[in-house]
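Asker:
Number of protein chains: 2
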Amino acid sequence: MWKVGELARRSGVTVRTLHHYHDIGLLVPSGSTGAGHRLYTDADLAKLQQILVLRQLGLTLEQVGEYLTRDDYSPRAVIELRLQQLREQIATADRLRVQLEGLSRLLDRAEIVSAEQFLQTIEALTMIDKYYTPEQLANMQERYSANIDRIKEVEAEWPRLMAAVQAEMDKGTPPTDPAVQALAQKWDGLVSEFTGGDPNLQASLKKMYESEPTVAGMDMGKMRPMMEYVQRARTGE
Amino acid sequence: MWKVGELARRSGVTVRTLHHYHDIGLLVPSGSTGAGHRLYTDADLAKLQQILVLRQLGLTLEQVGEYLTRDDYSPRAVIELRLQQLREQIATADRLRVQLEGLSRLLDRAEIVSAEQFLQTIEALTMIDKYYTPEQLANMQERYSANIDRIKEVEAEWPRLMAAVQAEMDKGTPPTDPAVQALAQKWDGLVSEFTGGDPNLQASLKKMYESEPTVAGMDMGKMRPMMEYVQRARTGE
DNA sequence: CATACGCCCTCACGTTACGGGAGGTTCAAG
DNA sequence: CTTGAACCTCCCGTAACGTGAGGGCGTATG
Numbered sequence: 001m002w003k004v005g006e007l008a009r010r011s012g013v014t015v016r017t018l019h020h021y022h023d024i025g026l027l028v029p030s031g032s033t034g035a036g037h038r039l040y041t042d043a044d045l046a047k048l049q050q051i052l053v054l055r056q057l058g059l060t061l062e063q064v065g066e067y068l069t070r071d072d073y074s075p076r077a078v079i080e081l082r083l084q085q086l087r088e089q090i091a092t093a094d095r096l097r098v099q100l101e102g103l104s105r106l107l108d109r110a111e112i113v114s115a116e117q118f119l120q121t122i123e124a125l126t127m128i129d130k131y132y133t134p135e136q137l138a139n140m141q142e143r144y145s146a147n148i149d150r151i152k153e154v155e156a157e158w159p160r161l162m163a164a165v166q167a168e169m170d171k172g173t174p175p176t177d178p179a180v181q182a183l184a185q186k187w188d189g190l191v192s193e194f195t196g197g198d199p200n201l202q203a204s205l206k207k208m209y210e211s212e213p214t215v216a217g218m219d220m221g222k223m224r225p226m227m228e229y230v231q232r233a234r235t236g237e
Numbered sequence: 001m002w003k004v005g006e007l008a009r010r011s012g013v014t015v016r017t018l019h020h021y022h023d024i025g026l027l028v029p030s031g032s033t034g035a036g037h038r039l040y041t042d043a044d045l046a047k048l049q050q051i052l053v054l055r056q057l058g059l060t061l062e063q064v065g066e067y068l069t070r071d072d073y074s075p076r077a078v079i080e081l082r083l084q085q086l087r088e089q090i091a092t093a094d095r096l097r098v099q100l101e102g103l104s105r106l107l108d109r110a111e112i113v114s115a116e117q118f119l120q121t122i123e124a125l126t127m128i129d130k131y132y133t134p135e136q137l138a139n140m141q142e143r144y145s146a147n148i149d150r151i152k153e154v155e156a157e158w159p160r161l162m163a164a165v166q167a168e169m170d171k172g173t174p175p176t177d178p179a180v181q182a183l184a185q186k187w188d189g190l191v192s193e194f195t196g197g198d199p200n201l202q203a204s205l206k207k208m209y210e211s212e213p214t215v216a217g218m219d220m221g222k223m224r225p226m227m228e229y230v231q232r233a234r235t236g237e
């Protein structure tokens, strides 16, 4: 017969853990002293070892309790459940690891210098992962690697184009105006350059712009009226 | 300016989350109505997006707060910390997955039929992982695969040997008695058969027996006096 | 018998990031 | 004015304990 401290030392758990297991009925001591000190037997120790084994497998205390008391015990169910959980957990963690390692390489190239850029880059990577397929991404990367200078020009051109569109909107210029039509043509050119004319890629881009409150630091709430304006210029209405 | 419900819908979080972030000072609304309704600005939305991005990376809310407020911001520190955590997490989960897949194969061979066997097997696998090196394990598995019949004999012989040793102890037979010496020799033979004469393997076995409260369902509290008795027979004292 | 010390007890708040209900107020539309 | 949706604060809950408070018990020693 052991008291709680002895059992804790023998088994490697804390006294608090043994109190907790008693409180929840998982491991109830076989006896107690007149003063109320807990007394544990060999059988209690053996049961504790079993509990610890199942805990190590990742079962919750509730699950441990169930498996130690039910008659229709199924080792297979325990293992398959845990294997499924582990595989999902590993896959999720691995995806994030791959993302972060890519981001780490960006840092190595010193392309990020501020907290704002850092957060926008993470955000962009997250959305890219959400909206584009791996095939689309490989295609895009191939094209961009071959035209790095043009990419930078395009990046500089978008803010200018958007400012011009916004100016026309602010002036109340009708979308049928030749100036707006020219801007719409330019808009389409830049989009086409981004997507390489791929309609699937264009659809992914459109879905992202329609679904996200911000994209690459741009508030889509402000962006959408602009896109509608350009669409009206495109259709001539 | 948005109220809390509009912001929740735009950003994909719950109202409760926004309350919580306000409570802990992470995202404080820029204003409020006379009635106390929260009012959020564009800047609040942008900050929320940043918070969500960092949350997705796995940072705690406290860490998010720190990184959004400090001047000596270090993207590299964030990423390296998380990568390290992820790698450890993946390695741990993967080790357990491998263990469970091995156990699953045991189940496939129907070598486990009861809850008791199941728990003892898991316990044994856990200890094996703790005390033996991969090299030792490969060595042991190779030897056992080649002598499966003898292994079963040995497994049956240990309880008989231990019962005989216990009987001599109960009778108070001195360890120098020829009968006890014979038992000690037999004990050593079985151990040597298990370890293949490998002193490193013997050391791992010894360490396990000395450290664990139970091994393969055996209470080491009872086992240790027996091992001491056999040791005294071995040295002739 | 008194004291000291180690071990034991129960109670209760804390951890993290919210979920969700209770009980009430505010706001906009009919 | 009524009604219903949206808002508010407060508070308990989640899982598995850690930790401190305030006290009692058991044993050894003076």
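Sequences listed follow chains A and B, in order. Everything in the first sequence is counted per our numbering, starting at 1 for the first residue and increasing by one. Everything in the second sequence is counted per our numbering, starting at 1 for the first residue and increasing by one. Beta carbons are placed, not taken as given, at the ideal position from N, Cα and C, and that holds for glycine. For clarity, every value in this text was computed on a predicted model and none was experimentally measured.
(1) When DSSP labels each residue in this structure, what does Ser32 (chain B) get in the three-state scheme?
(2) Judging by CA-CA distance, which residue of B:Glu80, B:His20 and B:Arg234 is the nearest neighbour of Asp108 (chain A)?
(3) Please name the residue or residues paired with Trp2 (chain A) in a DSSP beta bridge.
(4) Which residue comes first and which comes last in the alpha helix (DSSP H) that contains Asp23 (chain B)?
(5) When DSSP labels each residue in this structure, what does Pro159 (chain B) get in the three-state scheme?
(6) List the residues of chain B that Arg304 (chain A) touches, going by C-beta distances under 7 Å, in chain order.
(7) If you drop the 5 nearest sequence neighbours on each side, which residues of the same chain put their C-beta closer than 6 Å to that of Val165 (chain B)?
(8) Short of 7 Å in beta carbon distance, which residues of its chain neighbour Arg232 (chain B), apart from the five on each side in sequence? Order them along the chain.
(9) Count the other CB atoms, across all protein chains shown, that sit within 10 Å of the CB of Thr195 (chain A); report buried if there are 16 or more and exposed otherwise.
(10) Looking at chain B, is there any beta carbon in it that lies within less than 8 Å of the beta carbon of Phe118 (chain A)?
(11) Which residues in the same chain as Ala43 (chain A) place their Cβ atom closer than 8 Å to its Cβ, once the five residues preceding and following it in sequence are excluded?
(12) Give the residues of chain A in contact with Leu26 (chain B), contact being defined as C-beta atoms less than 8 Å apart.
(13) Here's the rule: buried if 16 or more other CB atoms are within 10 angstroms of the residue's CB, otherwise exposed. What is Ser11 (chain B)?
(14) Does any C-beta atom of chain B lie closer than 8 Å to the C-beta of Arg55 (chain A)?
(15) So that I know if they touch, is there some Cβ in chain A lying closer than 8 Å to that of Gln50 (chain B)?
(16) Look at the alpha carbon of Val64 (chain A) and the alpha carbon of Arg9 (chain A), and state the distance between them as a whole number of angstroms.
(17) Alpha helix (DSSP H) containing Gly221 (chain A): first to last residue?
(18) Would you say Ala43 (chain B) reaches chain A, if we count a Cβ-Cβ gap shorter than 8 Å as a contact?
(19) Would you say Arg38 (chain A) reaches chain B, if we count a Cβ-Cβ gap shorter than 8 Å as a contact?
(20) Nearest-angstrom Cα distance between Asp170 (chain B) and Val191 (chain B)?
(21) Is there at least one Cβ from chain B nearer than 8 Å to Glu210 (chain A)'s Cβ?
(22) Using a Cβ cut-off of 9 Å, pull out every chain B residue sitting near Glu101 (chain A), in sequence order please.
(23) Does the beta-carbon of Val28 (chain A) have 16 or more other beta-carbons within 10 angstroms, so that it is buried, or is it exposed?
(24) What are the start and end residues of each continuous alpha helix (DSSP H) run of 4 or more residues lying completely inside the stretch 48-79 of chain B, in chain order?
(25) For Ser104 (chain B) versus Leu54 (chain A), is the C-beta distance shorter than 8 Å?
(26) When the Cα atoms are used, what is the spatial distance from Leu59 (chain A) to Thr17 (chain A)?
(27) Between the beta-carbon of Ile90 (chain B) and the beta-carbon of Ile51 (chain A), is there less than 8 Å?
(28) Using beta carbons (cut-off 8 Å, strictly below), is Ser204 (chain A) in contact with chain B?
(29) Name the chain B residues that come within less than 7 Å of Arg224 (chain A), Cβ to Cβ?
Answerer: A quick look at the data gives this:
(1) Position 32 of the second sequence, counted from the first residue, corresponds to residue 32 (chain B). In the structure shown, Ser32 (chain B) sits in a strand (DSSP, three-state: E or B).
(2) Locating residue 108 (chain A) in the first sequence gives position 108, where the first residue counts as 1. Of B:Glu80, B:His20 and B:Arg234, the residue nearest in Cα terms is B:Glu80.
(3) Stepping through the first sequence from its first residue, residue 2 (chain A) is reached at position 2. Answer is A:Tyr40.
(4) On the second sequence, residue 23 (chain B) is found 23 positions in, with the first residue counted as 1. Taken as a continuous stretch (DSSP letters only), the alpha helix (DSSP H) holding Asp23 (chain B) covers Val15 to Asp23.
(5) The residue labelled residue 159 (chain B) in the question sits at position 159 within the second sequence. Residue state, collapsed to three classes: helix.
(6) Here chain A covers residues 1 to 237 and nothing more, so residue 304 (chain A) does not appear.
(7) If you number the second sequence from 1, residue 165 (chain B) lands on position 165. Answer for Val165 (chain B): Leu183 and Met226, listed in chain order.
(8) Position 232 of the second sequence, counting from 1, holds the residue named residue 232 (chain B). Taken in chain order, the residues that qualify are Pro175.
(9) On the first sequence, position 195 is the one that residue 195 (chain A) refers to. Buried, because 16 or more other Cβ atoms sit within 10 Å of the Cβ of Thr195 (chain A).
(10) For this step, residue 118 (chain A) is matched to residue 118 along the first sequence. Interface residue (Cβ-Cβ distance to chain B less than 8 Å): Phe118 (chain A) is classified as such.
(11) Taking the first residue of the first sequence as position 1, residue 43 (chain A) is located at position 43. Ser30.
(12) Here residue 26 (chain B) is taken as the residue at index 26 of the second sequence, counted from 1. Neighbours of Leu26 (chain B) on chain A: none; closest Cβ ~15 Å, over 8 Å.
(13) On the second sequence, position 11 is the one that residue 11 (chain B) refers to. By the 10 Å Cβ count, Ser11 (chain B) comes out buried.
(14) Translated into positions along the first sequence, residue 55 (chain A) becomes position 55. Closer than 8 Å: no.
(15) As a working mapping, residue 50 (chain B) is identified with position 50 in the second sequence. Judged by the 8 Å Cβ criterion, Gln50 (chain B) is in contact with chain A.
(16) For the purposes of this step, residue 64 (chain A) is identified with residue 64 of the first sequence, where counting begins at 1. For the purposes of this step, residue 9 (chain A) is identified with residue 9 of the first sequence, where counting begins at 1. Straight-line Cα distance between these residues: approximately 22 Å.
(17) What you label residue 221 (chain A) is simply residue 221 of the first sequence in a count that begins at 1. First-last of the alpha helix (DSSP H) with Gly221 (chain A): Met220 to Thr235.
(18) By one-based count along the second sequence, residue 43 (chain B) stands at place 43. Chain A contact via Cβ: absent.
(19) Reading the first sequence from its first residue, position 38 is the one you call residue 38 (chain A). The beta carbon of Arg38 (chain A) does not come within 8 Å of any beta carbon belonging to chain B, so the residue lies off that interface.
(20) Position 170 of the second sequence holds residue 170 (chain B). Position 191 of the second sequence holds residue 191 (chain B). A straight line joining the alpha-carbon of Asp170 (chain B) with that of Val191 (chain B) spans about 23 Å.
(21) Stepping through the first sequence from its first residue, residue 210 (chain A) is reached at position 210. It does not; no Cβ of chain B falls within 8 Å.
(22) Mapped onto the first sequence, residue 101 (chain A) falls at position 101. Neighbours of Glu101 (chain A) on chain B, chain order: Ile79 and Leu83.
(23) Counting from 1 along the first sequence, the entry for residue 28 (chain A) is found at position 28. Val28 (chain A) is exposed by the Cβ-count criterion.
(24) 61-69
(25) The count along the second sequence starts at 1 and reaches residue 104 (chain B) at position 104. The count along the first sequence starts at 1 and reaches residue 54 (chain A) at position 54. No, the Cβ-Cβ distance between Ser104 (chain B) and Leu54 (chain A) is not below 8 Å.
(26) On the first sequence, residue 59 (chain A) is found 59 positions in, with the first residue counted as 1. On the first sequence, residue 17 (chain A) is found 17 positions in, with the first residue counted as 1. C-alpha separation (whole angstroms): 16 Å.
(27) The residue given as residue 90 (chain B) occupies position 90 in the second sequence. The residue given as residue 51 (chain A) occupies position 51 in the first sequence. No, Cβ-Cβ distance for Ile90 (chain B) and Ile51 (chain A) is not below 8 Å.
(28) Locating residue 204 (chain A) in the first sequence gives position 204, where the first residue counts as 1. Interface residue (Cβ-Cβ distance to chain B less than 8 Å): Ser204 (chain A) is not classified as such.
(29) The residue you call residue 224 (chain A) lines up with position 224 of the first sequence. The premise fails here: Arg224 (chain A) is roughly 12 Å from chain B at the closest Cβ pair, so nothing lies under 7 Å.
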